[in-house]
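With positions in the sequence shown counted from 1, the corresponding number in the working numbering is that position plus 33.
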Amino acid sequence: MVLDNITLDIDEALFYGILGDDGAGKTTLLKLISGLLRPTSGTCTLFGKDVLKDQPAALRDVGCLVGEPAFYDYLTAGENLNFFGSLLHADISPLTESLPLTFTDTYPKHLTTCMKYQLGIALALLGSPRLVVLDEPFSFLTDSVRSSMFTFLRKRVADGITVVFTTTNTGEIIELATEGAVLSQGKIISRGPSSRLDFPAVEEVEQ
């Protein structure tokens with residue numbers, strides 16, 4: 034999906050939700066933010082650093098889950114956490130103690146889709162990033178796991194991190210996002226506080 038004249042200014046320490054149907058350009062936008070895709074024009078700046086010109090510095094404090102979660106198949110879920118945590122010199126205990134990760138002894142091939150996304154979100158949160166970018170992270174979670182994840186992420190945002198997430202679910206924007214945008218066919222058609230988004234536009238996206 035080609036993005037058309039997208040401009041976003043996102044403050045720190047909040048939830049920013051991006052709503053759109055499949056093919057609206059949500060994943061493309063997150064790939065640009067997280068440095069996984071180079072824009073043909075324009076710029077992306079994180080914490081005052083240009084993602085194109087100074088990518089290592091710009092992405093140093095960014096955790097992301099864009100696309101399907103991927104792990105080392107020969108390591109258990111817990112070993113994956115430990116391995117990536119060691120690379121970042123990060124303590125994994127805050128994650129394992131706060132999230133319902135009851136499958137740490139399980140190998141990835143035996144994980145359910147819900148478990149894979151829980152682990153993927155946990156990996157994105159390793160190392161105390163200032164910005165976490167999540168691509169439709171809650172769609173595959175059970176209701177109980179989603180509730181626990183929302184509670185945990187709210188605490189992290191209260192501690193000062195920024196979470197940018199995409200969704201096709203209006204309810205997630207209303208429940209979780211402080212601010213948001215509605216994306217349709219590569220264009221932003223509404224933006225602002227989640228309580229003031231253009232709901233006729235939202236309803237159009239949901240059709």
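Here a beta-carbon is modelled for each residue, glycine too, at the ideal position from N, C-alpha and C.
These figures come from a predicted structure and were not determined experimentally.
Exercise. Mapping DSSP to helix, strand and coil, what is K86?
Worked result: Three-state DSSP puts K86 in coil, outside helix and strand.
For this session: Identify every run of the alpha helix (DSSP H) within the region 106 to 146, keeping only runs that are complete inside it and at least 4 residues long; order them along the chain.
Result: 110 to 120, 126 to 131
Exercise. Would you call L120 buried or exposed, if buried means 16 or more other Cβ atoms sit within 10 Å of its Cβ?
Worked result: exposed
Problem set entry | A90 versus V166: straight-line alpha-carbon distance, rounded | 16 Å
Exercise. Using a Cβ-Cβ cut-off of 6 Å (strictly less than) and excluding sequence neighbours within five positions of G118, which residues of its own chain qualify?
Worked result: I125, L159
For this session: Pick out the complete alpha helix (DSSP H) segments inside the region 172 to 198, 4 residues or longer, and give them in chain order.
Result: 176 to 191
Exercise. How would you write the range of the beta strand (DSSP E) that E101 sits in, first residue to last?
Worked result: No beta strand (DSSP E) holds E101; DSSP gives it neither H nor E.
Problem set entry | Whether K142 touches P102 by CB criterion (7 Å) | Inclusion of K142 and P102 in the CB contact set at 7 Å is not warranted, their separation being larger than that value.
Problem set entry | Cα-Cα separation between D37 and R224, rounded to whole angstroms | Cα to Cα, the separation comes out at about 15 Å.
Problem set entry | Neighbour-count burial assignment, Y107, 16 or more Cβ in a 10 Å radius | exposed
Exercise. Considering only C-alpha positions, which residue in the set P162, L164, F171 is nearest to L152?
Worked result: F171
Exercise. Nearest to L69 by CA position, among F136, L92, L52, L47, is which residue?
Worked result: L92
For this session: Measure the C-alpha to C-alpha separation of V99 and T139 and round it to an integer number of angstroms.
Result: 23 Å
Exercise. Are the region 47 to 58 and the region 192 to 207 touching by the rule of at least three beta carbon pairs closer than 8 Å?
Worked result: yes
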